[in-house]
Each structure stands twice: as structure tokens, then as C-alpha cells.
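Just so we're aligned, residue 2 is where the sequence shown starts under this note's numbering, counting upward by one. Reviewing the structure listed below.
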Amino acid sequence: MIELTQIGAQLIVIGIVFFLAGLIQGALIPTVKNARMALSGHLTAVQCAMALAIFGVIWSLVELPLSLEVFVAYGCALGFILIWLGITIASVTGASKALPIAGAGFSASAMSEFTVKVMVRTGSLLSLVTCVLLAVGLLPILSSP
């Protein structure tokens, strides 16, 4: 049975606030240096936000030790947010090296390029690790009657 847990409720709230940020970013797409990158950031925000809200709804089904559960929940949220922030910074500054498809034809200072690269790579690694652990934590539901 699915119940709402404290961590689940927090993930839902984080997801909804993140979704709102993505909607606002969507309205601001024409105002940034690289609109294609801003669209990518908008889509990243709304998709990751929905994932976080869904994770919150199903959180009572996750079976992990408490410390790992906390790491997975907030690590996943942080990873998604880092990716989005990196993409958003790239859209404003024109950074393109970390995201060459959406950034084609744009460039930025070395510091902006480095910041975006670190944020996107760290967020990607963190979200990958935490989503794998989330999947492992959901495996026991396959054997439930």
C-alpha cells in the first residue's frame, strides 16, 4: 500500500516548486543569450520536477537503510537541480562546451564554461547514482504478494 511519508511529502513539494521554476523559465526563454539552451533548461526542470513528485508519491515503497534513503532522496533532488542550474547558467552566459548541441554557435568566459561543466557533470553523476539506488530500493516490491 502506498502511504505518504515525510521524505515523500518533501520530495513532492520540492518537485512542485521545481516545476514552477521550470514554467517561469519557459516564459523567459526569449530574454536569454541562448534561447535553445533555455528551452533545454525549461524541459529539464519540468521533467525532473515531475520525476521528483512521482518519487515522493511512491516513496513508502522504497526499502533502503534510513541513511541511504536520505542520501537517495535529497541526492536525486540535488542532482536534478544542479543539471538544471548548469543548463540555465549556460543559457544566460552562452557557455557551450559542456552541452555542445544546444550550445552550438555560442561561447562564454572560461569561468562560465568551467562552472557549467562542473554543475552538469556533478548533477548527472549524482542523479545517476541515486536513481540506480532508488531502483534497487524498489526491487522488493517485485516479490510482494
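We put the CB at the ideal spot given by N, CA and C, even for glycine.
message: Can you list, in chain order, the residues of its chain with a C-beta nearer than 7 Å to that of leucine 62? Leave out the 5 residues immediately preceding and following it.
response: In the sequence shown, residue 62 corresponds to position 61, counting from 1. Around leucine 62: Ile3, Leu139, Ile142.
message: Using a Cβ distance threshold of 8 Å, determine whether the stretch 81 to 90 contacts the stretch 30 to 43, with at least three qualifying pairs required.
response: The way I'd put it, the stretch 81 to 90 does touch the stretch 30 to 43; three or more beta-carbon pairs between them come closer than 8 Å.
query: Which whole-angstrom value is the C-beta distance of glycine 16 and alanine 50, which I expect to be below 8 Å?
result: The residue you call residue 16 lines up with position 15 of the sequence shown. The residue you call residue 50 lines up with position 49 of the sequence shown. Sure, about 5 Å apart at Cβ, within 8 Å.
task: Pull up the distance between the alpha-carbon of valine 73 and that of alanine 52, whole angstroms please.
output: Within the sequence shown, the letter at position 72 stands for residue 73. Within the sequence shown, the letter at position 51 stands for residue 52. Answer to the nearest angstrom: the Cα atoms are 13 Å apart.
- prompt: I think isoleucine 13 touches glycine 57, with their Cβ atoms under 8 Å apart; what is that distance to the nearest whole Å?
  reply: By 1-based counting over the sequence shown, the position of residue 13 is 12. By 1-based counting over the sequence shown, the position of residue 57 is 56. That belief holds up - the Cβ atoms of isoleucine 13 and glycine 57 are roughly 4 Å apart, short of 8 Å.
task: Go to glutamate 114, then tell me how far its alpha helix (DSSP H) extends in each direction, as first and last residue.
output: For this step, residue 114 is matched to residue 113 along the sequence shown. Taken as a continuous stretch (DSSP letters only), the alpha helix (DSSP H) holding glutamate 114 covers 111 to 139.
- request: Determine the contact status of alanine 105 and serine 113, defining contact as a CB-CB distance below 8 Å.
  value: In the sequence shown, residue 105 corresponds to position 104, counting from 1. In the sequence shown, residue 113 corresponds to position 112, counting from 1. At the C-beta level, alanine 105 and serine 113 stay beyond 8 Å of one another.
field: Distance, glutamate 70 Cα to threonine 131 Cα
entry: As a working mapping, residue 131 is identified with position 130 in the sequence shown. As a working mapping, residue 70 is identified with position 69 in the sequence shown. Rounded to whole angstroms, threonine 131 to glutamate 70 spans 9 Å at the Cα level.
- prompt: Skipping 5 residues on each side, what residues in its chain have a beta carbon closer than 6 Å to that of asparagine 35?
  reply: Residue mapping note: residue 35 aligns to position 34 of the sequence shown, counting from 1. Here the set comprises Ser92, Gly95, Phe107.
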